[in-house]
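Count the sequence shown with my numbering and you get residues 2 to 323, in order. Everything below concerns the one structure shown next.
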Amino acid sequence: MDVNLLIGFGAAFLLTVILMPLFIPLLRRMKFGQSIREEGPESHMKKTGTPTMGGLVYLIAIIVTVLLVALFTEGLTADILILLLVLFGFGLIGFLDDFIKVVLKRNLGLTSLQKLIAQIVIAVISFFLLNGTEFDTSVSIPFTDVAIELSVVYVLFIIFWLVGFSNAVNLTDGLDGLVAGTASIAFAAFGVLAIHQDENAIALFTFSVAGALLGFLVFNKYPAKVFMGDTGSLALGGALAMVSILLKQELLLLLIGLVFVIETLSVILQVGSFKLRKKRIFKMSPIHHHFELSGWSEWKVVTVFWLVGLIAALIAVVLEVL
């Protein structure tokens with residue numbers, strides 16, 4: 002492995018671990034505490050007031066690490082700039098949403114339409130930046146030599162992919178350490194694929210994200226001292242989708258990000274079933290709450306979901322590399 006990747010991973014990890022203890026007391030003083038939904042599991046009510054918007058810290062760590070390592074090595078490539086744009090852009094949307102909910106005390110934050118429009122704008126900007134690099138607009142079928150050319154329709158795919166996965170990761174962020182663990186696994190898996198494809202700039206980004214998330218996990222594991230908030234989860238989902246696009250492994254994200262896919266499908270199925278049949282499939286959605294209400298401890302749910310994410314990522318990487 003390139004030493005720069007180890008530096009990126011280690012620096013992002015250490016920066017997050019160093020900054021977080023300074024940031025958590027600041028969040029407490031500013032009363033940036035999480036409001037827990039009354040319709041959620043009763044056991045979660047004790048989390049009310051836990052500092053949120055902790056995603057700011059690891060986003061800063063990622064951006065600073067990637068910029069510095071890239072500048073002192075191979076320079077800022079178009080891939081890195083696009084990834085940082087998506088990470089920052091979706092993180093900004095999440096920050097505004099968190100700020101409205103936590104600081105302005107408007108519990109719903111940005112409206113769904115406001116959030117969607119902002120996400121689409123960033124996705125469209127990303128498409129035009131990619132177009133400027135003569136980007137391949139086909140989508141490959143994993144583990145085959147088949148590729149489907151989308152041409153100008155690829156812009157719709159990018160919108161769907163970035164918006165879809167940013168929201169999928171956001172839906173998954175409901176238990177202590179769940180997203181930090183599953184996302185670090187997913188980014189590391191794409192990092193391995195990036196190395197395999199000699200895409201060192203993308204590998205630097207993915208391993209820096211993985212390092213920062215593991216640093217955040219030190220404080221976010223059960224019982225969490227801080228939550229990432231929409232600031233962190235929307236940024237991670239958008240960036241993960243863009244990594245899959247840049248590596249031309251778009252559909253492989255469905256396997257590497259299997260936990261996020263399952264969580265999203267559980268919400269779609271639950272809502273659809275209730276509207277059509279007035280019956281619920283799960284005790285509560287997203288599905289991690291179903292297992293909680295079925296008697297699993299929060300820690301058990303999280304570790305099982307981590308394991309599912311790890312197995313799915315290993316299968317994807319092994320089949321793709323071999």
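The beta carbon of each residue, even a glycine, is placed where N, CA and C say it ideally should be. None of the values given here were measured: they were computed from a predicted structure.
Within the model, the alpha-carbon separation for L241 versus L308 is close to 19 Å. Cβ-Cβ distances below 7 Å link G175 to P287, H289, H290 in the same chain, with the five nearest sequence neighbours on each side left out; the list follows chain order. Residue state for P52 is assigned as strand, using DSSP reduced to three classes.
In terms of Cβ geometry, I61 and L235 do not form a close pair [threshold 7 Å]. S141: member of the beta strand (DSSP E) spanning 139 to 141, first to last residue.
The beta carbons of A213 and I25 sit no closer together than 7 Å. Listed in chain order, the non-local C-beta contacts of Q198 below 7 Å within the same chain comprise L248, local neighbours out to five positions each way being set aside. DSSP assignment within the region 91 to 147 yields the following whole alpha helix (DSSP H) runs of 4 residues or more, N-terminal first: 113 to 132.
Between the region 249 to 263 and the region 85 to 99 there are fewer than three inter-stretch CB-CB distances shorter than 8 Å, so the stretches are not counted as touching. Judged by pairs of C-beta atoms under 8 Å, the region 200 to 218 touches the region 179 to 187, as three or more such pairs exist. Restricting attention to alpha helix (DSSP H) runs no shorter than 4 residues, the region 193 to 236 encloses them at 201 to 221, ordered along the chain. Counting along the chain, M21 sits inside the alpha helix (DSSP H) bounded by residues 4 to 30.
When the beta-carbon positions are compared, G238 and F166 come within less than 7 Å of each other. Put simply, the backbone Cα of S267 is about 15 Å away from that of L294. Note: I149 is bridge-paired with V140 in the DSSP secondary-structure output. In the three-state reduction of the DSSP assignment, L294 falls in the helix class.
Remark: C-beta atoms of T17 and F217 approach each other more closely than 7 Å.
Residue burial annotation: L105 is exposed, with fewer than 16 other C-beta atoms found within 10 angstroms of its C-beta.
Taking one beta carbon from each stretch, the region 113 to 125 and the region 137 to 144 have fewer than 3 pairs nearer than 8 Å; the two do not touch.
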